[in-house]
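Residue numbers (the working numbering), protein chains in the order written: chain L, 5 to 239; chain Z, 0 to 249; chain X, 763 to 1039.
Ideal Cβ placement from N, Cα and C applies to all residues, glycine included.
What follows is a set of notes on a single structure, which appears directly below.
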């Protein structure tokens, strides 16, 4: 078992990562006993597993993912939702209406074109489009706040180990932040300044996700902005 | 305005019309991620060639029936801007554009792990802004960068270069005049890690020995370009890293 | 825009059968890996054309018509005649061919056949010049696929070659700048006999003259066009997968031999004698 690359090195598709019996993590593949990267990203490994953390990539839904989506079509039996994925999602009418009800409700009265929803993925496989639900606590139509879109591959970094990054952000910006696994983030703050702060921080995290010391730098940045703000107000 | 054939394509010192030695490549510049809206993009400058490539995808197949049930559909368009050539050319796709779109797509297919995204399309758009010979190869080299930039899973990068015969000598990376007035043109595309050809075409007249000599030369050129591809892909992220480490916060 | 083709799936049993036979160097129609299907070429099938031929390669049928007209030369070759090759995959030839302008497959077919003819200089284009810069003969080679059962490139090119070899144009002379036709016919100025050999790669095997089933399961396709002196004059790779350098080398060796074989068959059938001009 040999590793050919240093941890946290940038690798390109086709680059030889290792040789031997390793478990294949995401964005790697094996051929003739060697393990190769299949995406541009950072090389990482644990005791027995090889991973490439990609810089960019499409959002492919996983069951139980929380996502933020936009209604793009209202049909007879549900809504088509754009979840910034190559696969369009479906929110069936049964999610918001009792199946036994004989009264046909005009679905646009519940959710119309252009509405944003915070939803959860309940089903998805290679043969059909992802299915969503908004029945759970906290899910549903989004009525206010700011939306930021970042590459879905940066979401793990935005959340951080055991939520360290996102919790720090929520605290420092004094905003409520709802993270969609599909790269769409909803920010709700007391005022515009706080919301702007959160937007800037999230974009910066996305840009510098592959670097070290990010959490501290973000904290620093927020602190600086607050100082500048106070200076501008009083100066 | 039409080009007239130069008297000699190789001078008495064995140098080509642009001063290069037979095995010398044109100056090459590769940039990645230069377009905002595309999922992945690349810009290639090879000699006077200026080529822009954008990748969109994987995205939903529209209309539905063009999607394949077990893999992504790769779509490729090679197109030349009307102002890209010596004489203005019509924007309508020529027969050459159609053939090149096909062979370029087929040059990229073996590298793209399309089974990962059934019922989607991965679109590659190659725009030749200025043309000076070898645009299909530069286009493939750029497309490979744009695909990697977009985070499309690939088995390997694809790198391409042409070799040929000019004034009886085997040369590499032909410019437009050499392509037009030379005796043979052999473009190839390679998956460098696996040393496998994904494109090989030839027009001209070559003996078997000349063919193998040209093939080898093209292969060696591909290896050089591959190193530049890797650099270009990693550069964007190295730059961000460096910026943070040297400048600090503003 | 070129898209990954959406082909009707071949049944698993058929595919398995084909693969198993291949492992033993056999093909579903009993041929060896380097064996061509028997072919016959009928010449002068269309009297109104200057030249024509119809080939039957296995069940594949292709007709090629040659029309020669007088026109202007290209500005950069004022003393040369013009060769134009085009191809049509007409809908009656296959359930998979749709009516419409030539698609990428028809265009690729025409251009690959064209390359073989043009780069080998099958026609001495300088002999097709009537008045430099003004009048030349334009030779239209039109490939018409009638029945698609695999290997259109080789079938079309061999029919095109036969048509060119047997084409006749009216003799002429130029009097006071005017083109005057005489009442005799001359053949076109032929000086080479390019023959393409098309392979498909299936797993590790290289097969010549693919049938339609073999094309359906192929990993890649390689056409090598060889001229009368054993030189390469055109190469075209197709298909969705890669080829190794070893495979290319292997194919080149087979192609030289098979091209010679096929060329001899065609020339002998025409009782061809190299005209000394």
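Beta-carbon neighbours of residue i, restricted to chain X and to distances below 9 angstroms
i	result
residue 100/Z	763, 764, 866
residue 24/Z	Chain X residues near residue 24/Z: none, gap ~21 angstroms exceeds 9 angstroms.
Spatial distance of residue i from residue j (CA atoms)
i	j	result
residue 249/Z	residue 24/L	Because the pLDDT at residue 249/Z is just 42, under 50, the model does not fix this residue reliably, and the point stays unresolved.
residue 212/Z	residue 870/X	27 angstroms
residue 1039/X	residue 953/X	Residue confidence for residue 1039/X is low, a pLDDT of 34 falling below 50, so the modelled location carries little weight; the figure read from the coordinates is stated next. If you take the alpha carbons of residue 1039/X and residue 953/X, they lie about 10 angstroms apart.
residue 220/L	residue 209/L	11 angstroms
residue 765/X	residue 125/Z	14 angstroms
residue 154/Z	residue 951/X	50 angstroms
residue 0/Z	residue 175/Z	Confidence at residue 0/Z is low in this model, with a pLDDT of 41, below 50, so the placement of that residue is unreliable and no value is reported for it.
residue 172/L	residue 223/L	8 angstroms
residue 159/L	residue 36/L	33 angstroms
residue 775/X	residue 207/L	54 angstroms
residue 913/X	residue 960/X	7 angstroms
residue 817/X	residue 850/X	15 angstroms
residue 139/Z	residue 805/X	42 angstroms
residue 217/L	residue 170/L	15 angstroms
residue 77/L	residue 64/L	21 angstroms
residue 26/Z	residue 899/X	43 angstroms
residue 98/Z	residue 14/L	36 angstroms
residue 57/Z	residue 144/Z	16 angstroms
residue 916/X	residue 107/Z	26 angstroms
residue 931/X	residue 863/X	29 angstroms
residue 34/L	residue 40/L	6 angstroms
residue 238/L	residue 229/L	14 angstroms
residue 115/L	residue 226/L	36 angstroms
Under 8 angstroms from the C-beta of residue i: neighbouring residues of chain L
i	result
residue 192/Z	18, 19, 20, 40
Neighbouring residues, chain Z, relative to residue i (Cβ below 8 angstroms)
i	result
residue 60/L	38, 39, 148, 149, 150
residue 157/L	150
residue 171/L	Simply none; closest approach about 22 angstroms.
residue 53/L	Under the 8 angstroms cutoff, chain Z gives no residues; its nearest Cβ is about 18 angstroms from residue 53/L.
Amino acids of chain Z, ordered along the chain, whose beta-carbon sits closer than 7 angstroms to that of residue i
i	result
residue 993/X	204, 205, 206
residue 998/X	200
residue 130/L	117
residue 1014/X	207
Cross-chain neighbours of residue i in chain Z, by beta carbon under 9 angstroms
i	result
residue 768/X	64, 65, 66, 67, 72
residue 882/X	204
Listed by chain order, chain X residues near residue i by CB distance under 8 angstroms
i	result
residue 196/Z	999, 1004, 1005, 1006, 1007, 1010
Proximity test, residue i beta-carbon vs the ligand ATP heavy atom, cut-off 7 angstroms
i	result
residue 996/X	In terms of ligand content, the structure shown is empty, and the ligand ATP therefore cannot be addressed.
Residues of the region 65-93 of chain L in Cβ contact with chain Z at a cutoff of 9 angstroms, in chain order, please. 89, 90, 91, 92
Below 8 angstroms, can you find three or more Cβ-Cβ pairs linking the region 180-193 of chain L to the region 63-72 of chain L? In short, these stretches touch, since the Cβ pair count reaches three.
I'd like the ranges of any alpha helix (DSSP H) spanning at least 4 consecutive residues and lying wholly in the region 12-95 of chain Z. none
Check distances from the C-beta atoms of the region 150-182 of chain Z to those of chain L and list, in chain order, the residues that come in under 7 angstroms. 150, 152, 153, 154, 155, 156
Contacting positions in the region 105-133 of chain Z - beta carbon closer than 7 angstroms to chain L: 112, 116, 117, 119
Short-range partners of chain L found in the region 229-243 of chain Z, where Cβ spacing is below 8 angstroms: Along the region 229-243 of chain Z, the positions whose C-beta sits under 8 angstroms from a C-beta of chain L are 229, 232, 233, 236, 237, 239, 240, 243, read in chain order.
State whether the region 994-1013 of chain X contacts the region 185-204 of chain Z, with contact taken as three or more CB pairs (one from each stretch) at a distance under 8 angstroms. yes
Are the region 82-91 of chain L and the region 131-141 of chain L touching by the rule of at least three beta carbon pairs closer than 8 angstroms? yes
Check each residue of the region 56-70 of chain Z: if its Cβ is closer than 9 angstroms to any Cβ of chain L, include it; give the result in chain order. Here the close residues are 56, 57, 58, 59, 60, 68, 69.
Which full runs of the alpha helix (DSSP H) of 4+ residues lie inside the region 110-176 of chain Z, going along the chain? Runs of the alpha helix (DSSP H) inside the region 110-176 of chain Z: 134-148.
Three or more C-beta pairs under 8 angstroms: does that hold for the region 825-832 of chain X against the region 51-64 of chain Z? no
Check each residue of the region 198-212 of chain Z: if its Cβ is closer than 7 angstroms to any Cβ of chain X, include it; give the result in chain order. 198, 199, 200, 201, 202, 203, 204, 205, 206, 207, 210
Inter-stretch contact at 8 angstroms, needing at least 3 Cβ pairs: the region 105-125 of chain Z / the region 49-57 of chain Z: With a cut-off of 8 angstroms, the region 49-57 of chain Z and the region 105-125 of chain Z count as touching, because enough Cβ pairs lie within range.
Could you list the residues in the region 196-212 of chain L with a C-beta less than 9 angstroms from some C-beta on chain Z, going in chain order? 211, 212
At a cut of 8 angstroms, does the region 15-27 of chain Z reach the region 168-176 of chain Z through at least three beta carbon pairs? yes
Quick check: the region 84-98 of chain Z against the region 786-796 of chain X, are there 3 or more CB pairs under 8 angstroms? no
For the region 894-911 of chain X against the region 845-861 of chain X, are there 3 or more C-beta pairs whose distance is under 8 angstroms? Three or more beta-carbon pairs separated by less than 8 angstroms link the region 894-911 of chain X to the region 845-861 of chain X, which places the two stretches in contact.
I want to know whether the region 104-120 of chain Z touches the region 34-47 of chain Z - three or more CB-CB distances under 8 angstroms. With a cut-off of 8 angstroms on Cβ pairs, the region 104-120 of chain Z is not in contact with the region 34-47 of chain Z, counting fewer than three such pairs.
Would you mind listing the beta strand (DSSP E) stretches within the region 24-111 of chain L that are 3+ residues and don't spill past its ends, in chain order? If we require 3 residues or more, the beta strand (DSSP E) runs fully inside the region 24-111 of chain L come out as 32-35, 38-41, 45-49, 53-58, 70-78, 82-86, 93-96.
Should the region 145-163 of chain Z be called in touch with the region 216-225 of chain Z, which here means at least 3 C-beta pairs below 8 angstroms? yes
Runs of 4 residues minimum, wholly inside the region 902-937 of chain X: which ones carry the alpha helix (DSSP H) assignment? 914-928
So, does the region 70-82 of chain Z touch the region 11-18 of chain Z, judging by three or more C-beta pairs under 8 angstroms? no
Length at least 4, wholly inside the region 833-911 of chain X: the alpha helix (DSSP H) runs in chain order: 866-881
Can at least three beta-carbon pairs, one atom from the region 880-888 of chain X and one from the region 931-940 of chain X, be found at a separation below 8 angstroms? no
Quick check: the region 50-62 of chain L against the region 145-153 of chain Z, are at least 3 beta-carbon pairs closer than 8 angstroms? yes
Restricting to runs no shorter than 4 residues, where is the alpha helix (DSSP H) found entirely within the region 118-205 of chain L? Listed in chain order, they are 159-163, 168-177.
Using 8 angstroms as the cut-off, can you tell me whether the region 834-847 of chain X makes contact with the region 1002-1019 of chain X, which would need three or more C-beta pairs spanning the two stretches below that distance? no
Using Cβ-Cβ distances below 7 angstroms, what residues of the region 910-923 of chain X are close to chain Z? none
Please name the residues in the region 958-975 of chain X whose beta-carbon is closer than 8 angstroms to at least one beta-carbon of chain Z, in chain order. Cβ contacts with chain Z: none found.
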